[in-house]
Amino acid sequence: MDRSPEKASVTDQREMEAAVGVAALKARICEAIVLVLTALVRQAQRLLAGEAEPTMGAQYGQLARLALEDLEGLCAQALRLVYRLLVTETLERAGLLGVEDPFGEREQLTAGAEAPAYRLWRGLQQRWALLRAGCRRRGLTLAPYPGRLFDPATTPYLEALPLPDAPLAQILALFKSVPLAAQVSAETGWIWPPAALYEDLLAYEPRLASEPLCEVQDRGRRFVLPARLTVPSVGCDGRRFSPVARPIRTISPGDLYLAPGSGRKSSGSYSTPPALVSYLVRRTLEPLVKGCRGVEEVLALRVVDPAMGTGAFLVAACDYLARACVCSSGAAEAPQEATCEESLLYRRLVVERCLSGVDFDELAVELSRYVRASGLYPAQRAALGGGKASGGDLNSYKLFVDRSYRLLRPGGHAGLVVPASLYTDQSSTGLRRLLLEEGRLLVLLGFENRAALFPIDSRCKFALLVFARERPQPTAQVRAAFMLRDPAVLESDEERFTIRLPYALIARFAPETLSLLELRTQGEADLLSRIYGARPLLGEQQAEEEADAWSVMLAREFDLTSDRSLFNRAGQGWPLYEGKTIHQYCASFAAPRYYVLPAVGLPALLRSELARLERTLDALARERWPQLLPDSGRHERVAALLAAHGRGPLSARDVRLDCEVPRLAFRRVASGTNERSLIATILPTGCFLGNTLTYVRPWRLDRDRLAALLSAGPAQPLSRAYEPALSPLQLACLCGLLNSFVLDYVIRRKITVDLTMFQVRQLPVPHFAEDQPHCRAIARRVARLVCLDPAFQALRGQLLGSEDAPVLSLARRQERQQLQNEIDAIVAHLYGLSASDLRDLLFAPQSFPLVAPAIKEGVLRAFSAVERWLERE
């Protein structure tokens with residue numbers, strides 16, 4: 079339901095006030111950690127110098143030495159101490175410790191009154207022992223604290239280095255005026271402010287100043303930079319500070335301070351924004367609660383968070399289920415209408431009967447080595463075509479998704495926050511099959527991090543995921559939305575910001591991997607459905623026997639980094655083409671940076687092609703002549719096969735190299751936000767390619783012909799088994815298809831910064847014979863745009879009927895653009911689009927915003943003449 083303006087205003091005001099209070103508390107906690115660290119370091123130094131009080135004991139010297147060497151471990155124990163103090167202070171304020179002020183003498187101590195050096199510390203230890211063990215006596219009843227927060231075994235440095243009263247009183251004074259009570263509201267749920275900050279605090283690590291430093295506050299955030307830099311200025315990390323940046327304090331050489339570190343990133347400890355928590359909890363539990371009849375059935379639900387952190391999701395689940403109990407008792411119509419006061423009666427019951435949570439510890443590092451062998455995570459790998467398998471590295475989020483599904487009872491629901499790679503990457507194929515084929519994916523909401531919802535790179539994407547352990551129906555759909563930025567959208571009706579994606583359509587877009595396209599509107603989904611239709615995907619056609627099927631294998635040639643020693647800048651040899659060298663229908667968009675001598679480059683390609691032929695011969699021999707094969711390596715098996723047929727070792731006469739003929743190539747680096755993403759052309763013979771270009775292999779090996787050549791004897795070279803993968807007409811036609819707005823519209827919903835072979839193989843490309851009018855019309859126009867160089871004379875003759883047929887030079891820009899418009903129009907007609915479809919494709923806000931409107935209108939005008947042109951073919 080949408081929030082009313084009045085309610086939204088009140089909620090926003092509360093959230094703003096809470097944010098200010100939390101920011102102040104965070105600053106106090108950081109200051110307290112530094113004070114604790116400083117005091118502990120001084121205590122350790124005193125102990126090692128023999129200046130410690132008798133109460134400290136010489137037996138702690140080894141721990142003191144370790145503490146000084148282990149600053150990060152010391153900081154972790156300091157953080158634990160601060161949280162002990164915060165819990166104690168919170169309980170004291172709530173009157174749960176039975177005394178009004180257990181630390182009533184702190185002001186006197188701060189003022190320097192005579193007192194035992196460790197009176198506060200010993201008093202705190204007594205209270206922590208009470209909290210740890212529990213207490214039942216007149217006037218004070220405490221249950222044992224359910225955890226190890228107060229366990230002295232977790233803080234050996236603190237046991238060896240007790241804090242004197244003076245710094246401890248100073249630390250306690252920091253928390254005297256900050257709000258610590260739990261905050262409960264219908265909008266934000268139950269929050270204990272220190273708990274909400276825990277993940278944020280893990281982002282810091284202790285450092286020792288080696289020069290004068292200055293802590294600066296800029297737009298609500300704090301940074302530490304060398305004092306020698308003027309404020310406002312530029313920080314040591316290149317960050318520019320605003321004119322309102324102001325210094326907070328100076329840090330002298332030798333002082334301890336906190337700075338952002340890698341601890342949080344390495345542990346994956348990030349607090350989830352409350353708006354995301356609230357939505358996921360409600361969307362996950364709502365279907366289950368609706369099926370409950372009475373309070374007891376609500377309390378029979380079981381909720382587990384396998385990565386609970388500070389329990390934000392469990393707290394929100396407690397709030398929701400407690401309100402659901404109110405609803406089930408008849409006191410409210412829906413859970414969100416129950417008041418906080420009404421739900422308080424059920425909170426303890428929900429906590430005791432419904433909620434469980436776990437989080438990782440040091441054992442997780444060791445256990446991860448055995449994850450795949452355990453059989454607990456079968457969806458981490460999935461078979462793909464060609465004998466390949468998806469999987470890759472064991473990312474923790476993949477394990478959580480997999481395990482969360484296995485933990486569900488039949489009909490159970492789960493809600494998670496995951497990286498966006500779950501719905502796009504090939505390595506997550508097994509998980510998508512799990513959620514779309516075995517289970518039921520209910521909601522998938524893709525978010526950009528532009529608003530810094532998580533303290534990670536703003537370019538990163540994440541997703542909210544809700545799924546159930548139940549078989550999907552044939553007509554099942556997933557509620558999806560992508561490119562979201564503001565979590566406030568989650569408070570509105572899902573019909574307004576999501577689209578319905580049928581499972582069948584997802585399978586059509588990517589049958590092998592079930593990856594999802596990032597669509598914004600239902601119209602986009604419908605248009606893509608028409609483009610895909612029943613057309614085969616490009617990568618599906620390699621093994622098909624139809625005469626008009628595409629035989630397309632993609633490859634890359636020289637690596638621009640590892641093969642750099644082969645290149646020269648002196649212009650000697652053949653040019654090395656890169657992505658930036660080409661553009662649509664243009665092989666000379668920019669001058670080559672590098673050249674490669676054929677005497678250097680050709681042997682490298684020859685070695686690669688001989689290895690490819692060897693692999694093919696090995697597979698062929700296993701299939702047809704297994705009796706000839708020794709039980710040894712591939713090289714020995716192939717040598718035995720050749721010898722059995724009277725042949726010597728493989729040589730250059732047995733292969734064909736790709737650079738011998740013109741080939742179709744496209745840019746690998748291509749963002750979905752560029753003017754165009756799919757940029758392809760045909761390259762001439764006599765050139766090499768860098769790995770920022772992907773090309774279509776011009777040759778394919780005919781296995782049957784290869785077997786026949788082997789059996790016929792050594793007279794004929796095995797290179798006769800190579801045949802063109804595409805005819806000249808097909809080569810030019812495929813170039814036109816790849817450069818079209820139609821396929822660019824598809825690919826822009828798949829890519830981020832790289833155009834992968836995998837993504838191109840998933841493009842819908844129809845079968846058609848060479849005599850089909852669309853194919854001839856596209857190929858002739860492509861030839862007039864591409865065949866400009868003398869190296870293309872043979873191809874020009876094959877496509878245009880004469881090597882002297884007229885073509886359009888790069889200088890004739892207007893005529894070339896008109897011809898390109900005609901190709902785009904013919905391709906749109908080939909894919910069965912209407913004029914209205916084409917207009918939507920071209921002018922949708924997120925489709926091609928950088929393409930000039932005049933070009934789009936030119937394509938639409940050309941579309942009206944397509945049928946007339948096809949009649950002439």
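Here this note's numbering runs 78 ahead of the position in the sequence shown, where the first position is 1. Heads up, the beta-carbon is just placed ideally off N, CA and C, and yes, glycines get one too.
So, does the CB of Val864 fall closer than 9 Å to a CB anywhere in chain D?
-> The structure shown contains no chain D; it holds only a single protein chain.
Beta-carbon gap between Phe636 and Leu767 smaller than 9 Å = Along the sequence shown, read from residue 1 onward, the residue named residue 636 stands at position 558. Along the sequence shown, read from residue 1 onward, the residue named residue 767 stands at position 689. Phe636 places its beta carbon less than 9 Å from that of Leu767.
Alpha carbon to alpha carbon, how far is Asp918 from Leu583?
-> Numbered from 1 along the sequence shown, position 840 holds the residue referred to as residue 918. Numbered from 1 along the sequence shown, position 505 holds the residue referred to as residue 583. Looking at the two C-alpha atoms, the distance is approximately 20 Å.
Assuming Leu423 contacts Ala395 under a Cβ cut-off of 8 Å, what Cβ separation, rounded to an integer in Å, is found between them?
-> Sequence index remark: in the sequence shown, residue 423 carries index 345 (1-based). Sequence index remark: in the sequence shown, residue 395 carries index 317 (1-based). Rounded, the Cβ-Cβ distance is 17 Å, inconsistent with contact.
Give me the Cα-Cα distance between Pro752 and Val905, rounded to the nearest whole angstrom.
-> Residue 752 sits at position 674 when you count from the first residue of the sequence shown. Residue 905 sits at position 827 when you count from the first residue of the sequence shown. Before going on, a small fix: residue 752 reads as Asn here, not Pro. For Asn752 and Val905, the distance between alpha carbons rounds to 21 Å.
Just grab the DSSP bridge partners of Trp56 for me.
-> Any property of residue 56 remains undetermined from this structure, which presents the chain solely from 79 to 951.
Quick one: Cα of Glu801 to Cα of Arg778, how far?
-> For the purposes of this step, residue 801 is taken as the residue at position 723 of the sequence shown. For the purposes of this step, residue 778 is taken as the residue at position 700 of the sequence shown. Going from the Cα of Glu801 to the Cα of Arg778 covers about 6 Å.
Determine the extent of the alpha helix (DSSP H) in which Gln850 is found, giving its start and end residues.
-> Reading the sequence shown from its first residue, position 772 is the one you call residue 850. No alpha helix (DSSP H) contains Gln850, which DSSP labels as neither H nor E.
So is Ile326 buried or exposed if we call it buried at 16+ other beta carbons inside 10 Å?
-> For the purposes of this step, residue 326 is identified with residue 248 of the sequence shown, where counting begins at 1. Ile326 is exposed by the Cβ-count criterion.
Assign Glu95 to buried or exposed, taking buried as 16 or more other Cβ atoms, counted over all protein chains shown, within 10 Å of its Cβ.
-> Sequence index remark: in the sequence shown, residue 95 carries index 17 (1-based). With a pLDDT of only 48 at Glu95, under the threshold of 50, the placement of this residue in the model should not be trusted, and no figure is reported.
Could you tell me the boundaries of the alpha helix (DSSP H) in which Cys403 lies?
-> The residue you call residue 403 lines up with position 325 of the sequence shown. Its alpha helix (DSSP H) spans residues 390-406.
Pair every Cβ in the region 864-881 with every Cβ in the region 831-841, then say whether three or more of these pairs are closer than 8 Å.
-> no
Residues near Arg731 by beta carbon distance below 7 Å, same chain, minus five either side = To locate residue 731, count along the sequence shown from 1; it is residue 653. Within the same chain, Arg731 has close Cβ partners Pro795, Ser797.
Asn527 versus Val496, Val302, Pro550, Gln555, residue with shortest Cα-Cα distance | Along the sequence shown, read from residue 1 onward, the residue named residue 527 stands at position 449. The shortest Cα separation from Asn527 among Val496, Val302, Pro550, Gln555 belongs to Val496.
Should Cys153 and Ile107 be called a contact, given that it needs their Cβ atoms to be closer than 9 Å?
-> For the purposes of this step, residue 153 is taken as residue 75 along the sequence shown, with counting starting at 1. For the purposes of this step, residue 107 is taken as residue 29 along the sequence shown, with counting starting at 1. Against a cut-off of 9 Å, the Cβ pair of Ile107 and Cys153 comes out as no contact.
Count the other CB atoms, across all protein chains shown, that sit within 10 Å of the CB of Glu590; report buried if there are 16 or more and exposed otherwise.
-> Within the sequence shown, residue 590 is the residue found at index 512, counting from 1. It counts as buried.
Since Tyr424 is in the alpha helix (DSSP H), which residue starts that stretch and which ends it?
-> In the sequence shown, counting from the first residue as 1, residue 424 sits at position 346. Per DSSP, Tyr424 belongs to the alpha helix (DSSP H) from 418-432.
Anticipated Cβ contact below 8 Å, Phe645 with Leu654, distance rounded = Counting from one through the sequence shown, the residue named residue 645 turns up at place 567. Counting from one through the sequence shown, the residue named residue 654 turns up at place 576. Contact flag correct, Cβ pair sits at about 6 Å.
CB-CB under 7 Å to Pro670, same chain, minus the five flanking residues each way: which ones, in chain order?
-> Counting from 1 along the sequence shown, the entry for residue 670 is found at position 592. Non-local C-beta neighbours of Pro670 in its own chain, meaning closer than 7 Å and more than five positions away in sequence, comprise Pro653, Leu654, Tyr655, Thr659, ordered along the chain.
Nonlocal neighbours in the same chain, by C-beta distance under 7 Å from Leu886, ignoring five residues either side | Taking the sequence shown and counting its residues from 1, the one referred to as residue 886 is at position 808. If we look at Leu886 and ignore the five residues flanking it on each side, its Cβ neighbours are Arg862, Leu863, Glu893, Arg894, Leu897.
How is the beta strand (DSSP E) around Lys539 delimited, first residue to last?
-> Looking up residue 539 in the sequence shown gives position 461. It spans 539-546 - the beta strand (DSSP E) in which Lys539 sits, taken as one unbroken run.
Where does Thr507 fall in DSSP's three states?
-> The residue labelled residue 507 in the question sits at position 429 within the sequence shown. Per DSSP, reduced to three states, the secondary structure at Thr507 is helical.
If you scan the region 733-800 from start to end, which runs of the alpha helix (DSSP H) of 4 or more residues do you find wholly inside it?
-> Counting only runs of 4 or more, we get 781-790.
Let me know if Leu500 comes out buried or exposed under the rule of 16 or more other beta-carbons within 10 Å of its beta-carbon.
-> In the sequence shown, the residue the question calls residue 500 occupies position 422. Label assigned to Leu500: buried.
Residue closest to Leu509, alpha-carbon to alpha-carbon, out of Leu477, Tyr276, Thr599 = Against the sequence shown, residue 509 aligns to sequence position 431. Measuring from the Cα of Leu509, the nearest candidate turns out to be Leu477.
For Leu358 versus Leu494, is the C-beta spacing smaller than 9 Å?
-> Taking the sequence shown and counting its residues from 1, the one referred to as residue 358 is at position 280. Taking the sequence shown and counting its residues from 1, the one referred to as residue 494 is at position 416. Yes. Within cutoff.
In or out: Val436 buried (at least 16 other Cβ within 10 Å) or exposed?
-> Within the sequence shown, the letter at position 358 stands for residue 436. Flag for Val436 reads exposed.
Rounded C-beta distance between Pro792 and Arg725? I'm assuming under 8 Å.
-> Working through the sequence shown from its first residue, we reach residue 792 at position 714. Working through the sequence shown from its first residue, we reach residue 725 at position 647. About 5 Å separates the two Cβ atoms, so the contact holds.
Can you name, in chain order, every residue of its own chain whose Cβ lies under 6 Å from the Cβ of Arg578, other than the five neighbours on each side?
-> As a position in the sequence shown, residue 578 is number 500, starting the count at 1. These residues qualify, in order along the chain: Gln555.
Have a look at Cys765 and Ala748 and give me their C-alpha separation to the nearest angstrom.
-> As a working mapping, residue 765 is identified with position 687 in the sequence shown. As a working mapping, residue 748 is identified with position 670 in the sequence shown. Going by the C-alpha atoms only, they are around 22 Å apart.
Where does Asn473 sit, in a helix, a strand or coil, going by DSSP?
-> Here the question's residue 473 lines up with position 395 in the sequence shown. Three-state DSSP puts Asn473 in coil, outside helix and strand.
Look at the alpha carbon of Thr502 and the alpha carbon of Ala785, and state the distance between them as a whole number of angstroms.
-> The residue labelled residue 502 in the question sits at position 424 within the sequence shown. The residue labelled residue 785 in the question sits at position 707 within the sequence shown. C-alpha separation (whole angstroms): 40 Å.
Since I believe Cys370 is in contact with Ser406 (beta carbons under 8 Å), could you give me their beta-carbon distance rounded to a whole number of angstroms?
-> In the sequence shown, residue 406 corresponds to position 328, counting from 1. In the sequence shown, residue 370 corresponds to position 292, counting from 1. Their Cβ separation, rounded to whole angstroms, is 6 Å, which keeps Ser406 and Cys370 in contact under 8 Å.
Considering only C-alpha positions, which residue in the set Leu916, Phe667, Leu280, Gly679 is nearest to Glu738?
-> Along the sequence shown, read from residue 1 onward, the residue named residue 738 stands at position 660. Nearest of Leu916, Phe667, Leu280, Gly679 to Glu738, Cα basis: Gly679.
How about Leu542 and Leu523: do their beta carbons lie closer than 9 Å?
-> Counted from its first residue, the sequence shown places residue 542 at position 464. Counted from its first residue, the sequence shown places residue 523 at position 445. Cβ distance < 9 Å, so Leu542 and Leu523 count as in contact.
Which residue spans inside the region 604-666 form an unbroken beta strand (DSSP E) run of at least 3?
-> Counting whole runs of 3 or more residues, the region 604-666 contains the beta strand (DSSP E) stretches 652-655.
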